[in-house]
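Asker: I'd like to ask you about the structure that follows.
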Amino acid sequence: MTASAAFLSAQATGQTWRDALEAVIPVLRAANSNHQLGLIYMTPHYATHAAEIEAALGAATGVPHWIGTVGYGTIGTDPATGSFVENFGTPSLSVMVCPFAEESFRVFSGIRGGSDRISAQYSDWLSSDSPPVILAHGDPGNGLLGGLMDDVTQETDGFLIGGLSAVQGPGSQIADGPDGQGLSGALLSLAHIPLQTALSQGCSPIGPIHTVTQAQEHVILELNDRPALEVFKEDIGEILARDLNRCAGYIFAALPVEGSDLGDYTVRNLVAIDPHQGAVAIAAHLNPGDRVMFCRRDPTTAVADMRRMLSDLKLRLGKQSIRGGLYVSCAARGPNQFSDPDQEMQLIHQALGTFPLTGFFANGEFCRDRLYSYTGVLTLFL
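Written as structure tokens, this is what we have:
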């Protein structure tokens, strides 16, 4: 990363993609030969014009490499005020150009059924002592995606950030041209691009961790050698247990991350409750011996955890300056969780100040080697 060059970011809305593009380009024209990589995030309204948007941005800025995807909403910097803004469900475009040198990253695309092409294509680049951070965008329609994420992180010894696109199929992603149907993005060298990343949960545990003692695929029959529903009712409390319909959208399952010393967990939806069998079904396949707990989703706990995350991140930064940022938030957060539609942006600004920022509302969030839900993942470039 070139220390003398600045990150440049802008976000705009518009009835057409050309309107939004015209609003962001004046800020981005300050790009120079130090800016070799750009990030593009857009809502589905502009998705069919992704190739045209990429080409127009390249022509206007001279930035040769671009990656990005389509989100349910975009996150960025208002070019008029310089403040952080969210746009959810309305036509919008968020762009950031990064002062990354050509040798500090590698763009990859077309990872649909196997990831060996990355190690084959970039074996020399990957031979450095520093493992990469993998800024990736995934197609939720690819049933092999979980395995592809594992393969990419194992082959590169890398750390995933990014998330799932809001739409599926060809053209849902950008990686030096239109891409989709799998994984695409860029490998970032930590030796050249210093950064810090942190995750905030949108759900908080309401009971202890339980051991699955009997299960059939995604149906939990027993927890701790007791009927699963009986354990579930104890955790959620008497009021909710009287009317289980009230659990919808409020109570979730959480799978503890093995080996984590931070109490980390991935959240999964409740699919069904069977009072006759005393069973609870969740959106994950489980086997006897697996661990699970239950959690709740509400704005108060989400705000508290985001404040915790930002405070921890600020301590880790020390005296280092923030030069740019990427925020990937779950589509179930933002206006779908917080009373104030810009709540997350306000919290980031209060804790860390203002800096060039881009991001999107995702169909699922990447962090380390896992796919999360209901989280916000903030990456800061230093």
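At position 249 of the sequence shown the residue is numbered 275 (the working numbering), and the sequence of numbers has no breaks.
Positions of the beta carbon are idealized from the N, C-alpha and C atoms, including for glycine.
The model shown is predicted, which means the values in this text are computed figures rather than measured ones.
#1: Tell me whether A305 sits in a helix, a strand or coil according to DSSP, three-state version.
#2: Could you compute how far the alpha carbon of P90 sits from the alpha carbon of R323?
#3: Going by DSSP in three states, H218 sits in which element: helix, strand or coil?
#4: Taking only the alpha-carbon atoms, compute the straight-line gap between W43 and T69 and give it to the nearest angstrom.
#5: If you follow the alpha helix (DSSP H) that S145 is in, where does it begin and where does it stop?
#6: Using three-state DSSP, classify D177 as helix, strand or coil.
#7: May I ask which residues mark the beginning and end of the alpha helix (DSSP H) holding V283?
#8: Which residues does DSSP pair with G64 in a beta bridge?
#9: Would you say C229 lies against chain B (beta-carbon separation less than 8 Å)?
#10: Kindly give me the distance between the Cβ atoms of L54 and T87, rounded to whole angstroms, as I take these residues to be in contact under 8 Å.
#11: Pick from A279, G289, G304 and Q303: whose alpha carbon is nearest that of L296?
#12: In or out: D165 buried (at least 16 other Cβ within 10 Å) or exposed?
#13: Provide the residue(s) that pair with L397 in DSSP beta bridges, ordered along the chain.
#14: Beta-carbon within less than 7 Å of G40's beta-carbon, same chain only, minus the 5 sequence neighbours each way: which residues are those?
#15: Tell me, to the nearest whole angstrom, how far the beta carbon of H71 is from that of A31; I am working on the premise that it is less than 8 Å.
#16: Examine the Cβ distances between the region 352 to 367 and the region 253 to 269 and report whether three or more of them are shorter than 8 Å.
#17: Can you give me the Cβ contacts of A82 inside the same chain, cut-off strictly under 7 Å, excluding the 5 residues immediately before and after it?
#18: Find out if the Cβ-Cβ distance for the pair P204, A77 is shorter than 8 Å.
#19: Buried or exposed: where does Q376 fall if 16 or more other Cβ atoms within 10 Å of its Cβ makes it buried?
#20: State yes or no: is the C-beta of V133 within less than 8 Å of the C-beta of A212?
#21: Measure the Cβ-Cβ separation of S399 and V293 and say whether it is below 8 Å.
#22: Determine the extent of the alpha helix (DSSP H) in which I79 is found, giving its start and end residues.
#23: Would you mind giving the Cβ-Cβ distance between S226 and T103, rounded to the nearest angstrom? I have them listed as a contact below 8 Å.
#24: Exposed or buried, which one is P52 when buried takes at least 16 other CB atoms within 10 Å?
#25: What residues are listed by DSSP as bridge partners for Q242?
#26: Where does I235 fall in DSSP's three states?
#27: Between F320 and I219, what straight-line distance do the alpha-carbon atoms span, to the nearest angstrom?
#28: Would you mind reading off the limits of the beta strand (DSSP E) that contains T380?
Answerer: According to the structure data:
#1: strand
#2: 42 Å
#3: coil
#4: 10 Å
#5: D142 to Q147
#6: helix
#7: Run containing V283: none; DSSP gives neither H nor E here.
#8: W92 and V123
#9: Absent from the structure: chain B. Only one protein chain is present.
#10: 5 Å
#11: A279
#12: buried
#13: F392
#14: A46, A49 and P117
#15: H71 to A31, Cβ: 32 Å. No contact.
#16: no
#17: L47
#18: yes
#19: exposed
#20: yes
#21: yes
#22: A76 to T87
#23: No, S226 and T103 are not in contact; Cβ-Cβ is about 20 Å, not under 8 Å.
#24: exposed
#25: V245
#26: coil
#27: 38 Å
#28: Taken as a continuous stretch (DSSP letters only), T380 belongs to no beta strand (DSSP E), as it is neither H nor E.
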